[in-house]
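Step one of this worksheet: look at the structure below.
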Amino acid sequence: NAGVTQTPKFQVLKTGQSMTLQCAQDMNHNSMYWYRQDPGMGLRLIYYSASEGTTDKGEVPNGYNVSRLNKREFSLRLESAAPSQTSVYFCASSVFPGNTEAFFGQGTRLTVV
Amino acid sequence: GENVEQHPSTLSVQEGDSAVIKCTYSDSASNYFPWYKQELGKRPQLIIDIRSNVGEKKDQRIAVTLNKTAKHFSLHITETQPEDSAVYFCAASRSFSGGYNKLIFGAGTRLAVHP
């Protein structure tokens, strides 16, 4: 039982490049989330998927897109990376949306130069 | 919009002392209040949570209190130990149209426990 697995763990991109962050959970959770963590700003919700087949914007969705590929997988795409997207990205999942424990992946440290 | 404010941003205590971290939330409809601990370089992990129908919850050295009227909730750590050193995040879950709940996090408190 691996929990929530994110890939990659580290990534350096040049401004304008695109990339997809992958996330998979093996806990049969309904809801999945993408957060970014910046110093002094806590965890800010980018997008979430309350259940398979649905996605919705969080607090800071601009510059990102997501795909809930199936119940297990939820990917985050940066179409044209900008230095402001340098951050640590966490994927998380929970049984139900928002009001049960969220289990986090190990994070992806992304640097855009 | 929705907001969770967390204070203090940094907290330094001596081993054995108590530590208190306070949060306020803006949406009176919020009904779930978890606390997460994040050690350096690691993922956030839930340490305790409380729901709006409960005023206080304890788990060994940690406790959380909730004042719904004032929209405040607090984390209390007693008999602090060096391994309690970490960043602590509070969060509040509020409901949105469509029946969805979203967790909104505070900015975090960096707790340092000195031997």
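If you read the protein sequences in the order shown, they are chains X and F.
Counting the first sequence from 1 gives a position; the numbering used here is that position plus 77.
Counting the second sequence from 1 gives a position; the numbering used here is that position plus 962.
Ideal Cβ positions, reconstructed from N, Cα and C, are used throughout, including at glycine.
Under DSSP, residue 1018 (chain F) shares a beta bridge with F:1027. The residues 1018 and 1036, in chain order, have a CB closer than 6 Å to that of residue 1027 (chain F) in the same chain once the five nearest residues on each side in sequence are set aside. Taking residue 164 (chain X) as reference, the option from X:89, X:81 and X:82 with the minimal CA-CA separation is X:89.
For chain X, the residues of the region 1044–1073 of chain F that bring a beta carbon within less than 7 Å of one of its beta carbons are 1051, 1055, 1062, 1063, 1064, 1065, 1067, 1068, 1069 and 1070, in chain order.
For residue 105 (chain X), the closest alpha carbon among the candidates X:128, X:120, X:84 and X:116 is that of X:128.
Annotation: the continuous beta strand (DSSP E) that includes residue 153 (chain X) extends over 151–155.
DSSP, read as helix, strand or coil, puts residue 178 (chain X) in coil.
For the region 145–156 of chain X, the set of residues with a beta-carbon nearer than 9 Å to any beta-carbon of chain F is empty. The three-state secondary structure of residue 1036 (chain F), taken from DSSP, is strand. For residue 101 (chain X), the enclosing beta strand (DSSP E) has its first and last residue at 96–102.
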